[in-house]
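Participant: This is the structure I have questions about; it appears just below.
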Amino acid sequence: MVEFVEINEENYEAVLQLKVTEAQGKFVAQNVRSIADAYLYREAGDVFPYAVQDGKTVVGFVLLDEDVEEKEYMIWRMMVGREYQGQGYGRAIVEKVMDMFKKDDRFDVLIADYVKGNEVMGKILESFGFEYGEFDEENNEYVMKYKKA
């Protein structure tokens, strides 16, 4: 259903134009910030920003982070544009990340966190078997983990 495409000349403007609803704005960083963060950490080669596409249409954005030493794979940031919400794209993104994680022997744990109040994300993660870990007081985030069997 969805494809992860590296940010490039053809899709970056569409990624930057994606917005969540006003009420959701406090739960996720703007995509320009996420792309800037990926640029800042590019030297380590462990942060990967992707346009989430359904065919040629950019419907969302995901930023993945790999920590090979800790054997952890992380959904650092994830969003679906407001006009595409409620169509199963959030679940499709998590499902695709989980497939990538399960096929990669370098990682034992998949981590995702969400800002307190973003119950939609919490329910999506729970439905895939993620379990609650610690609450990050500093960032006001629930940290959830999925461990390989």
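Residues 0 to 148 in numbering that gives the first Met the number 0 are what the sequence shown lists, from first letter to last.
Backbone N, C-alpha and C define an ideal beta-carbon position, used for all residues, glycine too.
Is residue 123 closer than 8 Å to residue 144 when the C-beta atoms are compared?
Facilitator: The count along the sequence shown starts at 1 and reaches residue 144 at position 145. The count along the sequence shown starts at 1 and reaches residue 123 at position 124. Cβ atoms of residue 144 and residue 123: not closer than 8 Å.
Participant: Please report the straight-line C-alpha distance between residue 74 and residue 8, rounded to a whole angstrom.
Facilitator: The sequence position of residue 74 within the sequence shown is 75, counting from 1. The sequence position of residue 8 within the sequence shown is 9, counting from 1. When rounded, the distance between both Cα atoms is 23 Å.
Participant: Does the Cβ of residue 112 have 16 or more other Cβ atoms within 10 Å, making it buried, or fewer, making it exposed?
Facilitator: The count along the sequence shown starts at 1 and reaches residue 112 at position 113. So residue 112 counts as buried.
Participant: For residue 133, I'd like the list of residues in its chain whose CB is within less than 6 Å of its CB, leaving aside the five on either flank, ordered along the chain.
Facilitator: Mapped onto the sequence shown, residue 133 falls at position 134. So the list reads 142, once near-sequence residues are dropped.
Participant: Would you identify the three-state DSSP class for residue 53, choosing helix, strand or coil?
Facilitator: In the sequence shown, the residue the question calls residue 53 occupies position 54. Annotated three-state conformation of residue 53 is strand, per DSSP.
Participant: Ends of the beta strand (DSSP E) at residue 42?
Facilitator: One-based indexing of the sequence shown puts residue 42 at position 43. No beta strand (DSSP E) holds residue 42; DSSP gives it neither H nor E.
Participant: For the beta strand (DSSP E) holding residue 107, just list the boundary residues, first then last.
Facilitator: Indexing the sequence shown from 1 puts residue 107 at position 108. That residue, residue 107, is in no beta strand (DSSP E); it is neither H nor E in DSSP.
Participant: Can you give me the Cβ contacts of residue 63 inside the same chain, cut-off strictly under 6 Å, excluding the 5 residues immediately before and after it?
Facilitator: Numbered from 1 along the sequence shown, position 64 holds the residue referred to as residue 63. Counting only Cβ-Cβ distances below 6 Å, and skipping sequence neighbours, we find 47.
Participant: Between the alpha carbons of residue 103 and residue 71, how many angstroms are there, rounded?
Facilitator: Within the sequence shown, the letter at position 104 stands for residue 103. Within the sequence shown, the letter at position 72 stands for residue 71. Looking at the two C-alpha atoms, the distance is approximately 11 Å.
Participant: So does the segment 29-40 actually touch the segment 84-103, counting three or more Cβ pairs closer than 8 Å?
Facilitator: no
Participant: Among the candidates 23, 18, 37 and 52, whose CA atom is the shortest distance from the CA of residue 10?
Facilitator: As a working note, residue 10 is residue 11 in the sequence shown. It is 52.
Participant: If you check the beta carbons only, do residue 50 and residue 19 fall under 8 Å apart?
Facilitator: Walking along the sequence shown from the start, residue 50 turns up at place 51. Walking along the sequence shown from the start, residue 19 turns up at place 20. It is not a contact, given that the beta carbons lie outside the stated cut-off.
Participant: For residue 65, collect the residues of the same chain with a Cβ closer than 7 Å to its Cβ; drop the 5 residues on either side in sequence, then sort them by chain order.
Facilitator: For the purposes of this step, residue 65 is taken as residue 66 along the sequence shown, with counting starting at 1. So the qualifying residues of the chain are 45 and 72.
Participant: Could you check which residue in 60, 42 and 26 has the C-alpha nearest to that of residue 116?
Facilitator: Locating residue 116 in the sequence shown gives position 117, where the first residue counts as 1. The option with the nearest alpha carbon to residue 116 is 26.
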